[in-house]
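Data block below; observations after.
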Amino acid sequence: MMDIKEMEKAEGGFLFSEISELGHEQVVFCHDEPTGLKAIIGIHNTVLGPALGGTRMWNYESEQEAFTDVLRLSRGMTYKAAITGLNLGGGKAVIIGDATKMKTEAFLRRFGKFVENLNGKYITAEDVNMKTRDMEYIAMETKHVTGLPESRGGGGDPSPVTAYGVYMGMKATAKKVFGKDSLTGKKVAVQGVGQVGMYLVEHLTKENAEVYITDISEEKLKMVSDKFGAKVVGMEEIFDLDMDIYAPCALGATLNDKNIGRLKCQMVAGAANNQLANEVKHGHMLMDKGIAYAPDFLINAGGLINVYEEFLGNYNRESAYRQAENIYSTCLNILNVAESKKIPSQEAAIHLAEKRIADIGKVKLPR
Ligand code: NAD
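Per my numbering, the very first residue in the sequence shown carries number 262; after that it's consecutive.
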């Protein structure tokens, strides 16, 4: 027998069934004929504050795919802000199309206008295929934007702060798994040596970890291995490597039915968003296999911390790093709670985030 959500889907009503399933407050469809702009802004939850989250531009295969992506990503931002203790809600935007061809000044400013029309309920920033330069155009039409270049008083590239937070989360997880947080001599496999992965490799090699790297870009692999002495492995080989720590820093959903069975590591800690292909199923699979998992939305929150710091005004990078350091204690706490409740760490992290939203929601009620 079908439940109500399945019936709605069968009748073609997927929009509201997906929205209600993930609990969004508002979803805004933006269309502009002259520039060809097609965007969706997902505002998941604004109990703690305005919904801050980057804009991703992607050549989605279908509008349904873009819609699902913005819903998942914006919900993730709610949890990320809540667990990090920021006074922010969760939101995200996706722009459908080819970023190499469509991003003109008018296109970006038109998008900025749509953001402006939300009166600060949604604050945008950079994400995949959107750079600080694009944010400057968006900022011509709205003040509800962050992630501006340092030359304009912004925080610049958030990746070093993200990498530092991931490193802190990795050390906390190592403390739980190996009894001490030193990564010296640990075999760490970093998948993806882009902006975040590269800075993470730097922290790891400074601590004398044995670092293995993989990437689709030969150029990046050469640069990172030459600079830090990391050993290069194949893109598939990484899943079969005899390693202590797997650090996904490229794509989401690498923790799936196929790969979890192959992993020989004792813990997973990386920067990628949505690492678990299925939050519930694969969280349990890792737990059953005895692999500790540092929740992605918790340990990769450094970037959000950085843009929030900028949004508050008088950007201070030291303060962003100090806050990213707290990821260590939050992560250790989550792993302990997960162990005592015998639940996956991702579930424990979501519970904590939801509890903060519920508690602060009550504080904010009119009396
Ligand atoms: P990036 O694009 O600079 O780096 C990603 C790297 O992964 C690239 O070098 C790319 O060539 C490589 N890659 C792509 N497909 C691959 C594959 N199949 N196997 C191996 N490598 C592959 O991105 P980034 O800014 O470093 O972000 C990395 C991840 O962290 C992303 O999932 C991103 O969403 C997440 N994240 C980034 C930040 C940030 O501050 N940049 C913040 C939070 C989360």
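The C-beta atom is built at its ideal place from N, Cα and C for all residues, glycine as well. Given the structure is predicted, the values throughout are model-derived calculations rather than measurements.
| Check | Outcome |
| --- | --- |
| Rounded straight-line distance, which links the Cα of Ala562 to that of Gly346 | 11 Å |
| Residue range of the beta strand (DSSP E) that includes Leu298 | 298-306 |
| Nearest candidate by alpha-carbon position, reference Met546, set Glu286, Leu516, Lys353 | Leu516 |
| Gln536, buried or exposed, once every other Cβ within 10 Å from all chains shown has been counted against 16 | buried |
| Endpoints, the alpha helix (DSSP H) within which Gly564 is located | 563-573 |
| Supposed close pair Thr296, Arg371 - CB separation, criterion 8 Å | 5 Å |
| Integer Cβ distance of Thr307 from Glu286, believed to fall under 8 Å | 6 Å |
| Outcome for Asp501 when other beta-carbon atoms lying within 10 angstroms are tallied against a minimum of 16 | exposed |
| Met496: CB within 7 Å of a non-hydrogen atom of the ligand NAD | yes |
| Distance CB(Ala354)-CB(Thr329) smaller than 8 Å | no |
| Contact test: Val457 Cβ vs the ligand NAD heavy atom, cutoff 7 Å | yes |
| Nearest-angstrom Cβ-Cβ length linking Gly564 and Ala533, presumed shorter than 8 Å | Not a contact, Cβ separation roughly 12 Å. |
| Run of the beta strand (DSSP E) containing Gln630, from where it starts to where it stops | Since the first and last residues shown for the chain are 262 and 628, residue 630 lies out of range. |
| Any non-hydrogen atom of the ligand NAD closer than 7 Å to Gln607 Cβ | no |
| Chain-order list of residues whose beta-carbon lies under 7 Å from that of Asn577 (same chain, five-residue window excluded) | Glu570 |
| Beta-carbon proximity list for Met504, same chain, < 8 Å, skipping 5 on both sides | Lys448, Val449, Ala450, Tyr473, Lys525, Cys526 |
| Enclosing alpha helix (DSSP H) for Phe558 [first to last residue] | 557-560 |
| Assumed close pair Pro311, Gly373 - CB separation to whole angstroms, cut-off 8 Å | At roughly 16 Å, the Cβ-Cβ gap does not stay under 8 Å, so Pro311 and Gly373 are not in contact. |
| Under 8 Å between C-beta atoms of Gly551 and Glu608 | no |
| Assigned secondary structure, Tyr321 (DSSP; H/G/I helix, E/B strand, else coil) | coil |
| Neighbourhood of Arg617 by C-beta, 6 Å cutoff - its chain only, sequence neighbours within 5 removed | Ala343 |
| Whether Gly408 touches Gly415 by CB criterion (8 Å) | yes |
| CB-CB length for Asn390 against Ala360, believed under 8 Å | 4 Å |
| Short Cβ contact (8 Å threshold) for Met528 with Val438 | yes |
| Beta strand (DSSP E) runs contained entirely in the region 425-470, provided each spans 3 or more residues | 448-452 |
| Residues near Asp388 in its chain [Cβ-Cβ closer than 7 Å; skip 5 each side] | Gly315, Thr316, Arg317 |
| Cβ contact check for the region 591-602 and the region 456-471: 3 or more pairs under 8 Å | no |
| Exposed unless 16 or more other CB atoms sit within 10 angstroms - verdict on Pro627 | exposed |
| Span separating the alpha-carbon of Lys436 from that of Thr423 | 20 Å |
| Rounded C-alpha distance that separates Tyr226 from Leu465 | With the chain covering 262 to 628 only, the question about residue 226 has no answer from this structure. |
| Closer than 7 Å: Cys510 CB and nearest the ligand NAD heavy atom | yes |
| Check: Pro419 C-beta below 7 Å from any heavy atom of the ligand NAD | yes |
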